[in-house]
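Residue numbering for the sequence shown follows the working numbering, starting at 773 and increasing by one per position. A short worksheet on the structure shown next.
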Amino acid sequence: MMGAHHAMTGAAAWIAVTATAGHGLGLFPVSPAGTITGALLCAGAALLADADHGSATISRSVPVLGRLVTGGISRASGGHRHGLHGLLAVLCVWLLATGLDRLSWQSPWAEKPIDVGVAAASAAAIAFAGYALGLAQGSWPIAWLIGLVGAAGITVFAPERSDWFIVCITLGYGVHLAGDLLTTGGLPLFWPWVPRPPRAWRKVPVLRHVWTSGGYLALPVLGNAGSVREWALLIPVTLYVGYGMLFAALAEVGVDLAAILH
Ligand SMILES: [Zn+2]
773 MMGAHHAMTG
783 AAAWIAVTAT
793 AGHGLGLFPV
803 SPAGTITGAL
813 LCAGAALLAD
823 ADHGSATISR
833 SVPVLGRLVT
843 GGISRASGGH
853 RHGLHGLLAV
863 LCVWLLATGL
873 DRLSWQSPWA
883 EKPIDVGVAA
893 ASAAAIAFAG
903 YALGLAQGSW
913 PIAWLIGLVG
923 AAGITVFAPE
933 RSDWFIVCIT
943 LGYGVHLAGD
953 LLTTGGLPLF
963 WPWVPRPPRA
973 WRKVPVLRHV
983 WTSGGYLALP
993 VLGNAGSVRE
1003 WALLIPVTLY
1013 VGYGMLFAAL
1023 AEVGVDLAAI
1033 LH
């Protein structure tokens, strides 16, 4: 899947999981402001798995350093679509997010401690999302500005639930893997255990695309990454995100969009 598509599906997933007003599942209900800020963060989290890609969007986020970090991650995880694209990585992200969630700093002039871990991770994730979605017009300084504004928004309007950050980051990360699972490349889901299918399996028509000769697993309903089908899927996903964000923004100021539309 393409970066912008990963980001958009991440935002859609957060809205679907948190919104209650008829257009969401309400599995993890948060306030309308929490829906908006979380959607931005989840969009950014949905880009993290491609940090194993030396030429990925993220590698250009910070001059020199970005390439060094993504290059290092890429080598440590075995290259693109290896370690960072397995279930073990989801577990690691969950642990990392839990650690970041606990990092706080009590400034002498503020009443409450500031969640510095959440703020820093949010600024980076939202900068990535802003860049991938084209909001920054291809400029990383603008993307970082969007990230900083977003992170400030999160510190003020964070969802009221204490565990939201961990759920949001892990969900976005998982949605990225789900998106890649739907393309022909597939994923090494149980990395570092990547068993290859027996020779006979590689001749079975449909199944050889589900468990590829390289040992990757896929449900390739979208075809190749960036296919027409992938773009077609993104139209309803984008409309859903647009509706969910508008609904939440209006709800925040006391307007019920669902009642107006009926
Ligand atoms: Zn990927």
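We put the beta carbon where it would ideally sit given N, CA and C, even for glycine. Fair warning: this is a prediction, and the values are worked out from it, not measured in the lab.
- Taking C-beta atoms as the reference points, G951 and H778 count as a pair closer than 7 Å.
- Apart from sequence neighbours up to five positions away, the residues of its chain that approach S849 with a beta-carbon distance below 6 Å are D824, G855 and L856, ordered along the chain.
- Relative to ligand 1, the beta carbon of A896 is positioned no closer than 6 Å to any heavy atom.
- Restricting attention to V982, D935, P970 and S833, the CA atom closest to the CA of L867 is found in D935.
- Close CB contacts of V1009 within its chain, under the 7 Å cut and outside five residues either way in sequence, are with M780, T781 and A784 (chain order).
- Per the DSSP secondary-structure output, W983 pairs in a beta bridge with L989.
- Following the DSSP letters along the chain, one finds R874 inside the alpha helix (DSSP H) bounded by residues L859 to R874.
- For Y988, the closest of P913, L954, I1007 and G1016 by C-alpha to C-alpha distance is L954.
- W881 carries a coil assignment under DSSP once its states are collapsed to helix, strand and coil.
- Counting along the chain, the unbroken alpha helix (DSSP H) around V841 starts and ends at L837 to A848.
- Looking at the DSSP output, I886 bridges to W877.
- A Cβ-Cβ separation of about 21 Å leaves P885 out of contact with V802 under the 8 Å criterion.
- In the DSSP secondary-structure assignment, T955 is bridged to G995.
- Distances between the C-beta of D1028 and the heavy atoms of ligand 1 are all 6 Å or more.
- Between the beta-carbon of A1021 and that of I808 there is about 6 Å, and that keeps the pair under the 8 Å contact cut.
- Remark: the shortest separation between the CB of D822 and any heavy atom of ligand 1 falls under 6 Å.
- An exposed status is given to D1028, since fewer than 16 other beta-carbon atoms sit within 10 Å of its beta-carbon.
- In this structure, the C-beta of D887 stays at least 6 Å away from each heavy atom of ligand 1.
- Straight through space, the alpha carbons of G902 and A895 are spaced by roughly 10 Å.
- Taking Q878 as the centre and dropping the five residues before and after it, the same chain places the C-beta of P885 closer than 6 Å to its C-beta, in chain order.
- If you check the CB distance, G1014 and A904 do not come in under 7 Å.
- Rounded to whole angstroms, the separation of the alpha carbons of L875 and R974 is 49 Å.
- Relative to ligand 1, D873 has its C-beta separated by 6 Å or more from all heavy atoms.
- Taking 3 residues as the shortest admissible run, the segment 781-805 contains no complete beta strand (DSSP E) segment at all.
- DSSP places I918 in the uninterrupted alpha helix (DSSP H) bounded by W912 to F929.
- For the options R971, G946, W881 and L920, the alpha carbon positioned closest to that of L961 is the one of G946.
- A check of alpha carbon separations from T956 across L949, A990, L860 and W963 identifies A990 as the nearest.
- Rounded to the nearest whole angstrom, the CA to CA distance from M1017 to A821 is 25 Å.
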